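Engineer:
Residue numbers (our numbering), protein chains in the order written: chain U, 1 to 284; chain P, 1 to 172.
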């Protein structure tokens, strides 16, 4: 894919200046042992209604040094959901246009989610961290797979943009699909270590998104419809699973669940209580 | 010697008679054989004509008539092509696959099929493609079978209009 060559667009002088100001001498991302934390939630969290999926992950090392950069992420999504019947990402965004022109290069109706990320440059005792804004766009399908684009943009202390194409692949078992992101290394400066994403959170859904349509000559704002929470909650909740591959060759996996909505749980409790009562009557 | 001559003549006549009889018999049996063969041949032709193969080339334009949640869509519309007639489908759309069940109603009978197709989204449209199997039929299609009907579909995500094509060999 053309977008795979997208990399940092950061003024090198600025990076060098930042590094010099921080008094950083050399890279320290050595043989880190990486771990990950994953959080997921639905908003609103009700069965059978349009929702926004919140995903959040943290990458850290158990040895205290900066983790190795992530090169590959697979996020397994719960079965029973899908983009097929939503209008989320009703326009496609060309990754080249996004990279060259930024968010202005794509229609607002191609946005599918918003978030933020923290990027660490693994140098010195206190590695500098940059904050990035995340926007998820509907991309052009690649090899007959739904493709979304994760666009990350840093503003201060240096500005840079990255585009990470992500494909929706078939899932297995209790998972309905696998969001696969091949992440190219994020260069910093010549001979410098690649930057490391240590935190990322993003949404996939209509929350804080406004689309626009032209009706009777006027531009009318509207909110897109998100993926629907399945009408039945599986035992134990809605499962999410993520696997991270690191530049040092190691991998780590993490699982989390979105608990079944309380309304459904209370209904179930009532049903069980009713059945228990009926059982008691029958026993008598 | 005349007796001998007479005996020889008589023997000659008997031999001729036997040969003639054999010729007649053999002719009759060959006639019977050819009649049987032609009858078998006709039956074979009749059987071949019964199990005929039709090349399906259907295009359908369907619209949403009902839905269960946001995953299961019931669509209905008109099909044009080889069969022609009313087509109803039930689509169960997940992230990357769509399960399609269809019933085609034409003047000759009904035809039902099923398939699990790969599915992807491209902006305003969802696309599915794959192969479908005929699972049953009535009337002219009571014994219809097909296991590799190539199917493609385009669903407009805004209002769920479905454009679908089915191609392949149908035995009936």
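Even glycine gets a Cβ: it sits at the ideal position worked out from N, Cα and C.
Bear in mind the structure is a predicted one, so any value in this text is a computation, not a measurement.
1) Could you check what DSSP says for residue 209(U) in three-state terms: helix, strand or coil?
2) Name the chain P residues whose beta carbon is nearer than 9 Å to that of residue 140(U)?
3) Specify the secondary structure class of residue 223(U) as computed by DSSP and reduced to three states.
4) Leaving aside the five residues before and after residue 90(U) along the sequence, list all residues of the same chain whose C-beta is less than 8 Å from its C-beta, in chain order.
5) Measure the Cβ-Cβ separation of residue 196(U) and residue 120(U) and say whether it is below 7 Å.
6) Mind checking residue 220(U): buried by the 16 CB within 10 Å criterion, or exposed?
7) Please state the DSSP three-state secondary structure of residue 288(U).
8) What are the residues in the region 158-179 of chain U lying within 8 Å of chain P by C-beta distance?
9) Do residue 147(P) and residue 171(P) have their beta-carbon atoms positioned less than 7 Å apart in this structure?
10) Which residues in chain U sit within 8 Å of residue 97(P), going by Cβ to Cβ distance?
11) Flag residue 70(P) as yes if its beta-carbon sits less than 7 Å from any beta-carbon of chain U, otherwise no.
12) Within 7 Å (strictly less), CB to CB, does residue 41(P) reach chain U?
13) Roughly how many angstroms separate the alpha carbons of residue 194(U) and residue 97(P), rounded to a whole number?
14) My output table needs one value for residue 141(P): the three-state DSSP class, helix, strand or coil.
15) Counting contacts by CB-CB distance shorter than 7 Å, is residue 126(P) in contact with chain U?
16) Determine the direct distance from the alpha carbon of residue 173(U) to that of residue 76(U), and round the result to whole angstroms.
17) Let me make sure I understand the geometry here. Which of 129(P), 52(P), 139(P) and 109(P) has the alpha-carbon closest to that of residue 162(P)?
18) List the residues of chain U that residue 52(P) touches, going by C-beta distances under 8 Å, in chain order.
19) Tell me the DSSP bridge mates of residue 58(U)?
20) Can you give me the Cβ contacts of residue 165(P) inside the same chain, cut-off strictly under 6 Å, excluding the 5 residues immediately before and after it?
21) Spatial neighbours of residue 57(U) within its chain, please: C-beta separation below 7 Å, excluding the five flanking residues on both sides.
22) Near residue 159(P), which residues of its chain fall below 6 Å by C-beta distance, leaving aside the five closest residues on each side in sequence?
23) Quick one: is residue 57(P) buried, meaning 16 or more other Cβ sit within 10 Å of its Cβ, or exposed?
24) Which residues in the same chain have their Cβ closer than 6 Å to the Cβ of residue 173(P), if we skip the five residues on either side of it in sequence?
25) Would you say residue 222(P) reaches chain U, if we count a Cβ-Cβ gap shorter than 7 Å as a contact?
26) To the nearest whole angstrom, what separates the beta carbons of residue 256(U) and residue 40(U), a pair I think is in contact under 8 Å?
27) Measure the alpha-carbon distance for residue 147(U) versus residue 90(P) and round it to whole angstroms.
28) Compare the Cα-Cα distances from residue 88(P) to each of 156(P), 69(P), 68(P) and 64(P) and report the closest residue.
29) Under 7 Å between C-beta atoms, does residue 105(U) make it to chain P?
30) Given a threshold of 16 other Cβ atoms within 10 Å of its Cβ, counted over all protein chains shown, does residue 102(P) qualify as buried or as exposed?
31) DSSP on residue 24(P), reduced to helix/strand/coil?
32) Is the Cβ-Cβ distance between residue 55(U) and residue 154(U) less than 7 Å?
33) At which residues does the beta strand (DSSP E) containing residue 109(U) begin and terminate?
34) Bridge partners of residue 241(U), per DSSP?
35) Starting from the Cα of residue 163(U), find the closest Cα among 170(U), 151(U), 157(U) and 169(U) and give me that residue.
36) Are residue 70(U) and residue 246(U) close, meaning C-beta to C-beta below 7 Å?
Structural biologist: With the given structure in hand:
1) Secondary structure of residue 209(U) (DSSP, three-state): coil.
2) What residue 140(U) touches in chain P: 122 and 123.
3) In the three-state reduction of the DSSP assignment, residue 223(U) falls in the coil class.
4) Sequence-distant partners of residue 90(U) (beyond 5 residues in either direction) whose C-beta falls short of 8 Å from its own C-beta, in its chain, are 109, 110, 138, 211 and 224.
5) For residue 196(U) and residue 120(U), yes; Cβs fall inside 7 Å.
6) Answer is exposed; the Cβ neighbour count stays below 16.
7) Residue 288(U) is absent from the structure shown; chain U starts at 1 and stops at 284.
8) Cβ contacts with chain P: 168, 169, 170, 171, 176 and 177.
9) Taking 7 Å as the Cβ cut-off, residue 171(P) and residue 147(P) do not qualify as a contacting pair.
10) Neighbours of residue 97(P) on chain U, chain order: 170.
11) Answer yes: the Cβ-Cβ gap between residue 70(P) and chain U drops below 7 Å somewhere.
12) Its pLDDT being 44, under 50, residue 41(P) is placed unreliably in this model, and the value from its coordinates should be taken loosely. Among the CB atoms of chain U, none fall inside 7 Å of the CB of residue 41(P).
13) Roughly 37 Å separates the two Cα atoms.
14) The answer is helix: DSSP assigns residue 141(P) an H, G or I state.
15) For residue 126(P), at least one C-beta of chain U is nearer than 7 Å to its own C-beta.
16) Their backbone Cα atoms lie some 10 Å apart in a straight line.
17) Residue 162(P) has its Cα closest to that of 129(P), out of 129(P), 52(P), 139(P) and 109(P).
18) Using a Cβ-Cβ cut-off of 8 Å, residue 52(P) is close to nothing in chain U; its nearest Cβ partner there is about 35 Å away.
19) Note: residue 58(U) sits in a beta bridge opposite 37(U) and 199(U).
20) The answer, listed in chain order, is 59 and 152.
21) Here residue 57(U) has 36, 37, 38, 200 and 242 as same chain residues with Cβ atoms under 7 Å from its own Cβ, once five neighbours each way along the sequence are excluded.
22) The beta carbon of residue 159(P) is closer than 6 Å to none in its chain, skipping five residues each way along the sequence.
23) Of the other Cβ atoms in all chains shown, fewer than 16 fall within 10 Å of the Cβ of residue 57(P); this residue is therefore exposed.
24) This structure gives no information on residue 173(P), because the portion of chain P shown stretches from 1 to 172.
25) Residue 222(P) lies beyond the residue range present for chain P, which begins at 1 and ends at 172; the question has no answer from this structure.
26) Taking the Cβ atoms as the reference, residue 256(U) lies roughly 5 Å from residue 40(U), within the contact range of under 8 Å.
27) Near 26 Å, if we compare the C-alpha coordinates of residue 90(P) and residue 147(U).
28) Just measuring C-alpha positions, the residue of 156(P), 69(P), 68(P) and 64(P) sitting nearest residue 88(P) is 64(P).
29) No, residue 105(U) lies away from the interface with chain P (no Cβ there is under 7 Å from its Cβ).
30) Buried, since its Cβ has 16 or more Cβ neighbours within 10 Å.
31) Reliability of the predicted coordinates at residue 24(P) is poor, the pLDDT of 44 falling under 50, and the value obtained from them is presented with this limitation in mind. Taken through DSSP and simplified to helix, strand or coil, residue 24(P) comes out as helix.
32) Against a cut-off of 7 Å, the Cβ pair of residue 154(U) and residue 55(U) comes out as no contact.
33) Residue 109(U) -> no beta strand (DSSP E), and no H or E assigned at all.
34) Per DSSP, the beta-bridge partners of residue 241(U) are 76(U) and 255(U).
35) Taking only the C-alpha atoms, the option nearest residue 163(U) is 151(U).
36) For residue 70(U) and residue 246(U), yes; Cβs fall inside 7 Å.
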